[in-house]
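Trainee: full-length UniProt numbering puts the sequence shown at residues 1 to 302.
If you scroll down you'll find the structure; I have some questions about it.
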Amino acid sequence: MISRVDATPNGFQLSEFIQGYWRLAEWKMSPAQRLDFLKQHLELGITSVDHADIYGNYSCEQLFGEVLALEPALRQQMEIVTKCDIKLLSDKYPQRTVKHYDTSEAHIVASVENSLKNLGTDYLDLLLIHRPDPLMNADEVADAFAQLKKSGKVRHFGVSNFTPYQFDLLQSRLDFSLVTNQVEVSPVNMFALHDGTLDQMQMKRIRPMIWSALGGGKIFTAETEQAQRLRTVLSNISEELGGAGLDQVIYAWLLKLPCQPLPIIGSGNIERVRSAVAAKELSLTREHWFQIWQASKGHEVA
Numbered sequence: 001m002i003s004r005v006d007a008t009p010n011g012f013q014l015s016e017f018i019q020g021y022w023r024l025a026e027w028k029m030s031p032a033q034r035l036d037f038l039k040q041h042l043e044l045g046i047t048s049v050d051h052a053d054i055y056g057n058y059s060c061e062q063l064f065g066e067v068l069a070l071e072p073a074l075r076q077q078m079e080i081v082t083k084c085d086i087k088l089l090s091d092k093y094p095q096r097t098v099k100h101y102d103t104s105e106a107h108i109v110a111s112v113e114n115s116l117k118n119l120g121t122d123y124l125d126l127l128l129i130h131r132p133d134p135l136m137n138a139d140e141v142a143d144a145f146a147q148l149k150k151s152g153k154v155r156h157f158g159v160s161n162f163t164p165y166q167f168d169l170l171q172s173r174l175d176f177s178l179v180t181n182q183v184e185v186s187p188v189n190m191f192a193l194h195d196g197t198l199d200q201m202q203m204k205r206i207r208p209m210i211w212s213a214l215g216g217g218k219i220f221t222a223e224t225e226q227a228q229r230l231r232t233v234l235s236n237i238s239e240e241l242g243g244a245g246l247d248q249v250i251y252a253w254l255l256k257l258p259c260q261p262l263p264i265i266g267s268g269n270i271e272r273v274r275s276a277v278a279a280k281e282l283s284l285t286r287e288h289w290f291q292i293w294q295a296s297k298g299h300e301v302a
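Laid out in structure tokens, this is it:
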């Protein structure tokens, strides 16, 4: 069982693990099966759910909303996170000629309105700008955030995949704190460990949300030298820890980071979700942690 924790010094709370719904459309669940899955991860203490307007070709928010419509009281037991600013090439938007970003005030507000409608709720707990936009006018984004906050339609705001400078730029225009940066971190992608992103989160005492914690499955299936090295080291550590799953070792590796990240679980299999949560009980040594780092990099630390 896990619990809610302060994601930021302002007291905003998320669960220690977050359930990702970006593949919800691929799970091919009936509304009743989706409801059962939701209830089961809520019972585990996973109260935070991660969405984006674009997931499932703009379908996943609506699929989740159908579940909430079955038992509306569940809304009060969770924190709904969603994202905006990516515009996909899609049959639902045939007028578009190129995939692009849109952080205009009009688009952010319209996206939130659409997400609220699809999710069947009158507020979002957390809205994230999905990707850094080279054309982002920080003042315009701040105006959109202020408008949404004042209306009560969004309670907290953050970003996703932002560099420290991009984070600070947007924060400089706001009179309230951004509460997270959702970034990719895994043993096959450690850029955020070394480019200042996680250092900034620790400095601000903000817990980052971590996506693709298992490297999109590449750690388990790819035949690259990096993946093979990682599987060998993870298996050895697993044996030392009494037979823990390789996925559990990876989650434990992430949880050892001093920025206290909140990993997003992408699986729709409740047994895999339970396995991920159990990783909280594992205790990796500092040497275990650097064995995984070395397997990823292919060389020892300097």
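We put the CB at the ideal spot given by N, CA and C, even for glycine.
#1: On the three-state DSSP scale, how would you describe C84?
#2: Just mark G56 as buried or exposed, buried being the case when its beta carbon has 16 or more other beta carbons within 10 Å.
#3: Out of W253, L169, G158, state which residue places its alpha-carbon closest to the alpha-carbon of P263.
#4: Residues bridged to P132 by DSSP?
#5: In whole angstroms, what is the alpha-carbon distance linking L63 and K28?
#6: Am I right that L148 and V112 are in contact with their C-beta atoms under 8 Å? What's the rounded C-beta distance?
#7: Please confirm if the stretch 64-80 is in contact with the stretch 94-114, defined as three or more CB-CB distances below 8 Å between the two stretches.
#8: Go through its chain and collect everything with a Cβ distance to I18's Cβ below 8 Å, but skip five positions before and after it.
#9: Is there contact between the stretch 226-233 and the stretch 184-199, where contact requires at least three CB pairs shorter than 8 Å?
#10: Can you look up Q166 in the DSSP assignment and give me helix, strand or coil?
#11: Who are H156's beta bridge partners in DSSP?
#12: Contact between the stretch 264-284 and the stretch 158-174 is defined here as three or more beta-carbon pairs at a separation below 8 Å; is this criterion met?
#13: Does DSSP classify V183 as helix, strand or coil?
#14: List the DSSP bridge partners of M209.
#15: What does the Cβ neighbour count give for A142, buried or exposed, with the cut at 16 atoms within 10 Å?
Mentor: Judging by the given coordinates:
#1: strand
#2: buried
#3: W253
#4: P132 pairs with nothing; no bridge assigned.
#5: 10 Å
#6: 6 Å
#7: no
#8: I46, S48, V49, D50, V81, M209, L262, P263, I264, I265
#9: yes
#10: helix
#11: L126
#12: no
#13: strand
#14: Q182, L262
#15: buried
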